[in-house]
Every structure is written in C-alpha cells, then in structure tokens.
Amino acid sequence: MTAFCSTCDGRARLLFTMNLVTPSCPDPEDLPLKGIGTTLDGKRYLVGRSDLKLRYGDGKFFVTALVDGSKSLISDVEEISFRLDAARVMGRLSRRQQLG
3 MTAFCSTCDG RARLLFTMNL VTPSCPDPED LPLKGIGTTL DGKRYLVGRS
53 DLKLRYGDGK FFVTALVDGS KSLISDVEEI SFRLDAARVM GRLSRRQQLG
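Structure representation (structure tokens):
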C-alpha cells in the first residue's frame, strides 16, 4: 500500500498493489469489488466503489482509492489496516501494518 497526493489535482489517494489471484476478468470494472475498508489507528473508513480506480498490469491488480477525507490522518497514523469489501470469489484479503 502506498499513500500519495496526485500532482495533477493534489487529492489524497491510497494505492493497493496485490498479486492477481482472483479468476481472470477481461475488464477490471467487472470485478465484484464494492469498496475498500481502511482502519487508521482504530477508526474505520469505507472507500466506496465510485471512489476506486482498478487496473491490471504485469500479473498484478492495482486499486487506487480516493481518500480526501482521511488525508491528515494518513500522514500521522501509527497503525493501518485494510480489507476488500468484495465477493468471496476475490478472497478475503486484509492486511494490518504497525508503522513507526
């Protein structure tokens, strides 16, 4: 997971890079992904499907999430976790990381 602000619009985003283990879909837009849940220092946030950009490349699956409302929290967070809000066919991917 990578946190960044876009140079073109200055908006905060999280980029999730995952190995592609879900059944092959010709179009990333067809994946049964409803959103990404993030937890920043114990507070939960949901980034809905409309704020996600999906793409494939080099055997990996990339999800970029627009997180403007969490921008100030991300820079000072000590623990972050995320999970995919998706159909079981994509697996129950989640990850937690202690920072600092």
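Sequential numbering from 3 applies to the sequence shown in this note's numbering.
For every residue, glycine included, the Cβ atom is placed at its ideal position computed from N, Cα and C.
Alpha-carbon to alpha-carbon, residue 8 and residue 50:
Mapped onto the sequence shown, residue 50 falls at position 48. Mapped onto the sequence shown, residue 8 falls at position 6. Distance between the alpha carbons of residue 50 and residue 8 is about 19 angstroms.
Is the beta carbon of residue 56 less than 8 angstroms from the beta carbon of residue 33?
As a working mapping, residue 56 is identified with position 54 in the sequence shown. As a working mapping, residue 33 is identified with position 31 in the sequence shown. Contact check for residue 56 against residue 33 passes: the beta carbons are separated by less than 8 angstroms.
On a Cα-Cα basis, can you pick out the residue from 61, 63, 38, 10 that is closest to residue 82?
Taking the first residue of the sequence shown as position 1, residue 82 is located at position 80. Of 61, 63, 38, 10, the smallest CA-CA separation from residue 82 is found for 38.
For residue 13, does the count of other Cβ atoms within 10 angstroms reach 16, so buried, or fall short, so exposed?
The residue labelled residue 13 in the question sits at position 11 within the sequence shown. Label assigned to residue 13: exposed.
Residue 53 and residue 68 closer than 8 angstroms at C-beta:
Taking the sequence shown and counting its residues from 1, one reaches residue 53 at position 51. Taking the sequence shown and counting its residues from 1, one reaches residue 68 at position 66. Residue 68 is positioned such that its CB atom lies closer than 8 angstroms to that of residue 53.
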